[in-house]
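**Q** Numbering-wise (the UniProt record's numbering), the sequence shown opens with residue 1 and increments by one. Note that CB positions come from ideal geometry on N, CA and C, so glycine has one too. None of these values were measured; they are calculated from a predicted model.
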Amino acid sequence: MSTVLAEKITRRYGERTVLHELDLAIERGEFVALLGKSGCGKTTLLRALAGLDPVDGGTLAVPQRRTVVFQEHRLLPWWKVWRNVAIGLPRSTARAKAQSALEEVGLSNHADAWPVTLSGGEAQRVALARALVREPELLLLDEPFAALDALTRIKMHGLVRDLTSRHRPAVLLVTHDVDEAVLLADRVLTMREGRIAAVHEVPAGARERGSAPFAALRGTLLGELGVTE
Numbered sequence: 001m002s003t004v005l006a007e008k009i010t011r012r013y014g015e016r017t018v019l020h021e022l023d024l025a026i027e028r029g030e031f032v033a034l035l036g037k038s039g040c041g042k043t044t045l046l047r048a049l050a051g052l053d054p055v056d057g058g059t060l061a062v063p064q065r066r067t068v069v070f071q072e073h074r075l076l077p078w079w080k081v082w083r084n085v086a087i088g089l090p091r092s093t094a095r096a097k098a099q100s101a102l103e104e105v106g107l108s109n110h111a112d113a114w115p116v117t118l119s120g121g122e123a124q125r126v127a128l129a130r131a132l133v134r135e136p137e138l139l140l141l142d143e144p145f146a147a148l149d150a151l152t153r154i155k156m157h158g159l160v161r162d163l164t165s166r167h168r169p170a171v172l173l174v175t176h177d178v179d180e181a182v183l184l185a186d187r188v189l190t191m192r193e194g195r196i197a198a199v200h201e202v203p204a205g206a207r208e209r210g211s212a213p214f215a216a217l218r219g220t221l222l223g224e225l226g227v228t229e
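#1: Can you round the beta-carbon distance between Glu-30 and Asp-186 to whole angstroms, since I take them to be within the 8 Å contact cut?
#2: Cβ atoms of Leu-163 and Leu-189: under 8 Å apart, would you say?
#3: On the DSSP letters alone, give me the boundaries of the beta strand (DSSP E) that Phe-31 sits inside.
#4: Spell out a yes or no on whether the region 114 to 132 and the region 75 to 87 are touching, meaning 3 or more CB-CB pairs, one atom from each, closer than 8 Å.
#5: DSSP three-state label for Val-68, please.
#6: In chain order, what residues of the same chain lie with their CB nearer than 8 Å to the CB of Leu-225, ignoring the 5 residues before and after it?
#7: How many angstroms separate the CA atom of Ala-96 from the CA atom of Gly-194?
#8: Taking the alpha-carbon of Leu-132 as reference, which of Ser-119, Ala-146, Ala-170 has the nearest alpha-carbon?
#9: With a CB to CB cut of under 6 Å and the five nearest residues on each side skipped, what residues in its chain are close to Arg-28?
#10: Which residues share a DSSP beta bridge with Ile-196?
#11: Does Gly-39 pass the burial test, meaning 16 or more other C-beta atoms within 10 Å, or should it be called exposed?
#12: Report buried or exposed for Gly-14, applying the criterion of at least 16 other Cβ atoms within 10 angstroms of its Cβ.
#13: Have a look at Val-32, Ile-9, Arg-12 and flag the residue whose alpha-carbon is nearest the alpha-carbon of Ala-181.
#14: Less than 8 Å between the C-beta atoms of Val-69 and Leu-49, yes or no?
#15: Assign Lys-8 to one of three DSSP states: helix, strand, or coil.
#16: Assuming Arg-130 and Val-85 form a contact by the criterion Cβ under 8 Å, report the distance between their Cβ atoms to the nearest whole angstrom.
#17: Under the rule that 16 or more other beta-carbon atoms within 10 Å means buried, what is Ala-198, buried or exposed?
#18: Which residues share a DSSP beta bridge with Arg-16?
#19: Express the C-alpha separation of Leu-184 and Ser-165 in angstroms, rounding to a whole number.
#20: My guess is that Arg-65 and Arg-153 are in contact by the Cβ rule of under 8 Å, so how many angstroms apart are they, rounded?
#21: Taking Leu-46 and Leu-148 to be in contact with their CB atoms under 8 Å, please state how far apart those CB atoms are, rounded to whole angstroms.
#22: Would Glu-122 pass as a contact of Gln-71 if the rule is Cβ separation under 8 Å?
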């Protein structure tokens with residue numbers, strides 16, 4: 001049974017239909033990336049799955065345990081790192097669980113640091129720890145690497161792939177980065193005018209940058225997005 005199941009969901013803003021009878025299913029442990037031009041409805045879909053926005057039609061079944069990592073880390077500056085990770089956890093286990101989550105993202109020595117002292121990559125790792133400490137069944141990633149430099153982004157890709165393989169939530173990544181989508185996802189979806197326009201399974205060989213399968217899928221996706229090189 002799918003962890004996420006959306007059937008013919010519709011979302012309107014005034015006279016504008018942003019999601020138009022959209023269908024989507026994501027299995028437990030599956031990593032799905034969503035590509036599309038700005039304004040096609042990607043973030044609207046993610047917000048609906050997160051429970052942040054309602055839908056105006058259709059049916060939407062999502063697990064209660066779901067978390068979001070945004071482009072901005074959204075850490076509370078008046079709380080130390082471990083407290084940011086432990087938000088909402090029972091007091092009796094909060095510190096231990098936060099420490100364990102920080103260890104998973106390579107920041108166990110930063111538990112008592114203040115968010116202002118972190119680099120951009122470190123702050124996003126804390127945000128990822130905060131999302132995963134709750135053992136979500138659905139992890140939603142809203143362009144979480146867009147503001148990072150290229151080297152940090154590559155490191156984050158490896159970390160996210162390792163952590164999601166270990167915890168096995170259903171994952172939806174919204175991104176504008178075609179390379180990122182191919183390197184991380186099991187399936188890549190392209191979206192157009194509020195609908196899923198195409199679905200692509202990612203072959204194992206495509207996760208090697210520069211390989212023939214990578215180049216082929218990358219070219220197909222760029223073509224669907226109307227991008228020429």
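**A** Answer, in terms of the structure:
#1: 5 Å
#2: Cβ atoms of Leu-189 and Leu-163: not closer than 8 Å.
#3: 31 to 36 is the span of the beta strand (DSSP E), which, as asked, contains Phe-31.
#4: They touch, by the three-pair rule.
#5: DSSP places Val-68 in strand when its eight states are reduced to three.
#6: Leu-35, Gly-36, Lys-37, Val-178, Thr-190
#7: Roughly 43 Å separates the two Cα atoms.
#8: Ala-170
#9: Thr-3, Ala-170
#10: Met-191
#11: Counting of Cβ neighbours within 10 angstroms places Gly-39 among the exposed residues, the total staying below 16.
#12: Classification for Gly-14: exposed.
#13: Val-32
#14: In this structure, Val-69 keeps its C-beta atom at 8 Å or more from the C-beta atom of Leu-49.
#15: strand
#16: Rounded, the Cβ-Cβ distance is 5 Å, consistent with contact.
#17: exposed
#18: Within the DSSP secondary-structure output, Arg-16 pairs in a beta bridge with Tyr-13.
#19: 11 Å
#20: Not confirmed; about 27 Å, so no contact.
#21: The pair is not a contact, with the Cβ atoms about 19 Å apart (cut-off 8 Å).
#22: no
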